[in-house]
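Sequential numbering from 0 applies to the sequence shown in numbering that gives the first Met the number 0.
To start, the structure under review is shown below, and the notes come after it.
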Amino acid sequence: MGVPETDFATRVVRWQSRHGRNDLPWQTLRDPYRVWLSEIMLQQTQVATVKAYFARFVDRFPDVAALAAASLDDVLGLWSGLGYYSRARNLHRCAQELMRQHDGKFPRDAETLATLPGIGRSTAAAIASLCFSERVAILDANVKRVVSRVTGFEADVAVAANARALWDAATGLLPSEKRATQDMARYTQGMMDLGAMVCTPKRPACVECPVQKDCRANAAGDPESYPVRSRKLRRSSQSIWLLWAETVTGDVWLGRRPTPGVWAGLYCLPLFESESTLLDALPAYARGMVQVAPAFLHVLTHKDLHLHVCRVRMSNRDLDAETIGEGRWIGATEWPALGLPAPIRKLLERR
Ligand code: SF4
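Below is the structure:
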């Protein structure tokens with residue numbers, strides 16, 4: 000027997016209006032610019048962290064035109080610390096594309112929205128349903144969990160064909176065509192809120208859940224086994240030597256990281272595969288002055304980085320870009336505004 004569609008959606012909508020989150024800073028105006036910005040920031044990042052970044056972003060770039068006109072360095076600088084920097088680069092490209100192709104306005108349907116840089120199917124559906132009441136399903140990580148539990152979705156969601164079937168299942172739960180204009184925004188928000196507040200990865204609060212009686216995983220008594228993932232993420236690890244070269248006046252040598260690669264597009268201390276290659280890149284007089292700090296761990300999604308910091312104070316500015324990699328001396332009044340990887344920013348701030 001299938002899940003009763005209208006009843007399910009109505010329960011989510013009612014619960015959202017009473018218990019969901021209705022005072023987030025991007026919810027007030029149903030402005031697609033703000034919804035888009037928040038959706039991109041919320042990928043991989045918690046609401047509490049996003050709030051401060053969101054406020055700074057809309058203050059500095061109040062609309063699409065302002066973001067499109069900004070330099071990429073300014074955008075990356077403001078994004079610094081949020082991680083996953085391809086999101087910021089796509090945000091900037093998308094704003095420029097909106098100005099070029101759409102007169103600075105967001106398309107109103109998910110299909111067209113999904114053609115823009117950095118806007119995937121779920122983000123497109125979130126903007127279209129929250130701002131324009133289009134009847135389309137979102138399927139971010141939280142909602143994937145709710146849908147797979149409610150429908151008892153047994154297949155591995157990491158397999159593309161199964162992921163498409165889960166989208167169909169999510170579409171089958173939407174408010175009816177008749178209710179869509181009225182309910183879609185609240186339904187979408189309700190599904191996000193359920194995933195974040197009630198149907199959590201560990202120990203979901205099933206007794207407080209508005210769709211408990213629709214839920215097959217709850218009936219079977221094993222919600223935590225959904226969504227089913229048979230493939231495990233393979234992690235790797237890498238050691239990197241960082242050259243922290245500074246002048247007597249406190250300027251630091253920083254270069255922009257190539258794309259693609261670790262920290263693509265950000266300003267960074269020069270990276271080396273080993274201590275010896277790092278030392279070889281320095282002028283002979285500076286090699287004996289290098290201080291090596293104990294390695295520290297920085298965790299990326301698929302990789303553990305073991306970072307070894309080699310610090311040296313140069314008596315003159317004679318680093319050679321050919322051996323050290325592209326870059327320049329940057330003063331302490333300039334680098335804080337640049338887009339820097341979080342661990343590098345922390346290092347430089349501590350000095
Ligand atoms: Fe999630 Fe439990 Fe609600 Fe099912 S009943 S949707 S498992 S919180």
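Positions of the beta carbon are idealized from the N, C-alpha and C atoms, including for glycine.
Since this is a predicted model, take the numbers as computed values, not measurements.
ask   = What are the uninterrupted segments assigned as alpha helix (DSSP H) that are 4 or more residues long and contained completely in the stretch 117–180, given in chain order?
value = 120–131, 140–149 and 159–171
inquiry  = Less than 9 Å between the C-beta atoms of alanine 87 and valine 74, yes or no?
reply    = If you number the sequence shown from 1, residue 87 lands on position 88. If you number the sequence shown from 1, residue 74 lands on position 75. Contact flag set, yes.
key: Beta-carbon contacts of valine 2 that lie in its chain and below 7 Å, excluding the five residues immediately before and after   = On the sequence shown, residue 2 is found 3 positions in, with the first residue counted as 1. Because the pLDDT at valine 2 is just 49, under 50, the model does not fix this residue reliably, and the value given afterwards should be weighed accordingly. Cβ within range, chain order: Val149, Thr150, Leu172 and Asp213.
ask   = Beta carbon of glycine 117, beta carbon of leucine 138: below 9 Å?
value = Residue mapping note: residue 117 aligns to position 118 of the sequence shown, counting from 1. Residue mapping note: residue 138 aligns to position 139 of the sequence shown, counting from 1. No, Cβ-Cβ distance for glycine 117 and leucine 138 is not below 9 Å.
inquiry  = Quick check: is any heavy atom of ligand 1 less than 8 Å from the C-beta of alanine 216?
reply    = As a working note, residue 216 is residue 217 in the sequence shown. Because some heavy atom of ligand 1 lies under 8 Å away, the Cβ of alanine 216 counts as near it: yes.
ask   = Where do the ends of the beta strand (DSSP E) carrying histidine 307 lie?
value = Taking the sequence shown and counting its residues from 1, one reaches residue 307 at position 308. Looking at the DSSP string, the run of the beta strand (DSSP E) that includes histidine 307 is 302–313.
key: Residues near proline 222 by beta carbon distance below 6 Å, same chain, minus five either side   = On the sequence shown, position 223 is the one that residue 222 refers to. The answer, listed in chain order, is Arg148, Pro203 and Ala216.
query = Within 10 angstroms of its Cβ, does serine 398 collect 16 or more other Cβ (buried), or is it exposed?
reply = As displayed, the chain neither begins before 0 nor continues past 350, which places residue 398 out of reach and without an answer.
message = Between which residues of its own chain and phenylalanine 131 is the CB-CB distance below 6 Å, once the five residues before and five after are set aside?
response = As a position in the sequence shown, residue 131 is number 132, starting the count at 1. So the qualifying residues of the chain are Arg107.
task = Kindly indicate which three-state DSSP category cysteine 198 falls into: helix, strand or coil?
result = Here residue 198 refers to the residue found at position 199 when the sequence shown is read from its first residue. Of the three classes helix, strand and coil, the one that applies to cysteine 198 here is coil, per DSSP.
ask   = In or out: threonine 27 buried (at least 16 other Cβ within 10 Å) or exposed?
value = Counting from 1 along the sequence shown, the entry for residue 27 is found at position 28. Looking at its Cβ environment, which holds fewer than 16 other Cβ atoms inside 10 Å, threonine 27 is exposed.
task = For phenylalanine 105, count neighbouring C-beta atoms within 10 Å of its own C-beta (all shown protein chains included) and say buried if the count is 16 or more, exposed if not.
result = As a working mapping, residue 105 is identified with position 106 in the sequence shown. It counts as buried.
query = Does DSSP put valine 291 in a helix, a strand or coil?
reply = The sequence position of residue 291 within the sequence shown is 292, counting from 1. Looking at valine 291 - three-state DSSP - the assignment turns out to be strand.
Sufficient close CB pairs (3 or more, under 8 Å) joining the stretch 249–264 to the stretch 329–347 = yes
Proximity to histidine 307 [Cα-Cα], best of Pro269, Thr44, Gln42 and Ser314 = Reading the sequence shown from its first residue, position 308 is the one you call residue 307. The shortest Cα separation from histidine 307 among Pro269, Thr44, Gln42 and Ser314 belongs to Pro269.
ask   = beta strand (DSSP E) containing tryptophan 240: first to last residue?
value = Position 241 of the sequence shown holds residue 240. Looking at the DSSP string, the run of the beta strand (DSSP E) that includes tryptophan 240 is 235–246.
ask   = For leucine 138, is the beta carbon positioned less than 8 Å from some heavy atom of ligand 1?
value = In the sequence shown, residue 138 corresponds to position 139, counting from 1. The answer is no for leucine 138.
query = Cβ-heavy atom distance between leucine 156 and ligand 1 below 8 Å?
reply = Position 157 of the sequence shown, counted from the start, is the residue given in the question as residue 156. The sequence given here has valine at residue 156, not leucine. Checking the Cβ of valine 156 against ligand 1 gives no.
Assumed close pair cysteine 198, valine 145 - CB separation to whole angstroms, cut-off 8 Å = Here residue 198 is taken as the residue at index 199 of the sequence shown, counted from 1. Here residue 145 is taken as the residue at index 146 of the sequence shown, counted from 1. Right, the Cβ-Cβ distance comes to about 5 Å (below 8 Å), so this counts as a contact.
task = Within 10 angstroms of the Cβ of lysine 345, are there 16 or more other Cβ atoms? Answer buried if so, exposed if not.
result = As a working mapping, residue 345 is identified with position 346 in the sequence shown. Exposed, since its Cβ has fewer than 16 Cβ neighbours within 10 Å.
query = Can you name the residues that DSSP bridges to glycine 254?
reply = The residue labelled residue 254 in the question sits at position 255 within the sequence shown. The partner list for glycine 254 (beta bridge, DSSP) reads Cys267.
Per-residue burial, lysine 143 [other beta carbons within 10 Å of its own, 16 or more giving buried] = Along the sequence shown, read from residue 1 onward, the residue named residue 143 stands at position 144. Lysine 143 is buried by the Cβ-count criterion.
query = Whose C-beta lies closer than 7 Å to the C-beta of arginine 20 among residues of the same chain, with five residues either side of it excluded?
reply = Taking the first residue of the sequence shown as position 1, residue 20 is located at position 21. Within the same chain, arginine 20 has close Cβ partners Asp192.
query = Using a threshold of 8 Å, is the CB atom of leucine 172 nearer than that to any non-hydrogen atom of ligand 1?
reply = Counting from one through the sequence shown, the residue named residue 172 turns up at place 173. No, ligand 1 has no heavy atom inside 8 Å of this Cβ.
query = Leaving out five residues before and five after alanine 280 in sequence, what residues of the same chain have Cβ atoms less than 6 Å from its Cβ?
reply = Here residue 280 refers to the residue found at position 281 of the sequence shown. Closer than 6 Å at the Cβ level, and outside the excluded window around alanine 280, lie Thr322 and Ile323.
query = Closest by CA to valine 158, which one among Gly82, Ala47, Arg29 and Val227?
reply = Counting from 1 along the sequence shown, the entry for residue 158 is found at position 159. The residue with the shortest Cα to Cα distance from valine 158 is Val227.
query = When you compare each of Val12, Glu38 and Gly249 to alanine 331 by their alpha carbons, which one comes out closest?
reply = For the purposes of this step, residue 331 is taken as residue 332 along the sequence shown, with counting starting at 1. Out of Val12, Glu38 and Gly249, Gly249 has the C-alpha closest to the C-alpha of alanine 331.
query = If you drop the 5 nearest sequence neighbours on each side, which residues of the same chain put their C-beta closer than 6 Å to that of alanine 154?
reply = For the purposes of this step, residue 154 is taken as the residue at position 155 of the sequence shown. So the list reads Asn161, once near-sequence residues are dropped.
request  = Could you tell me whether any non-hydrogen atom of ligand 1 is closer than 8 Å to the CB of proline 293?
outcome  = In the sequence shown, counting from the first residue as 1, residue 293 sits at position 294. Answer for proline 293: no, Cβ out of range of ligand 1.
message = Please classify arginine 349 as buried or exposed, where buried requires at least 16 neighbouring CB atoms within 10 angstroms.
response = Looking up residue 349 in the sequence shown gives position 350. So arginine 349 counts as exposed.
request  = Report the three-state DSSP secondary structure of valine 49 (helix, strand or coil).
outcome  = As a position in the sequence shown, residue 49 is number 50, starting the count at 1. If DSSP states are grouped into helix, strand and coil, valine 49 belongs with the helices.
inquiry  = On the DSSP bridge list, what partners appear for alanine 329?
reply    = Counting from 1 along the sequence shown, the entry for residue 329 is found at position 330. It should be pointed out that residue 329 corresponds to isoleucine in this sequence rather than to alanine. Looking at the DSSP assignment, isoleucine 329 forms a beta bridge with Val251.
message = With DSSP as the reference, identify every bridge partner of valine 298, one or two as the case may be.
response = Working through the sequence shown from its first residue, we reach residue 298 at position 299. Answer is Asp303, bridged to valine 298.
key: Whole-Å CB distance - arginine 310 paired with alanine 292, under 8 Å assumed   = Within the sequence shown, residue 310 is the residue found at index 311, counting from 1. Within the sequence shown, residue 292 is the residue found at index 293, counting from 1. At roughly 7 Å, the Cβ-Cβ gap stays under 8 Å, so arginine 310 and alanine 292 are in contact.
task = Note down the Cα distance separating phenylalanine 271 from proline 257, rounded to an integer number of angstroms.
result = Along the sequence shown, read from residue 1 onward, the residue named residue 271 stands at position 272. Along the sequence shown, read from residue 1 onward, the residue named residue 257 stands at position 258. The alpha-carbon atoms of phenylalanine 271 and proline 257 are separated by roughly 14 Å.
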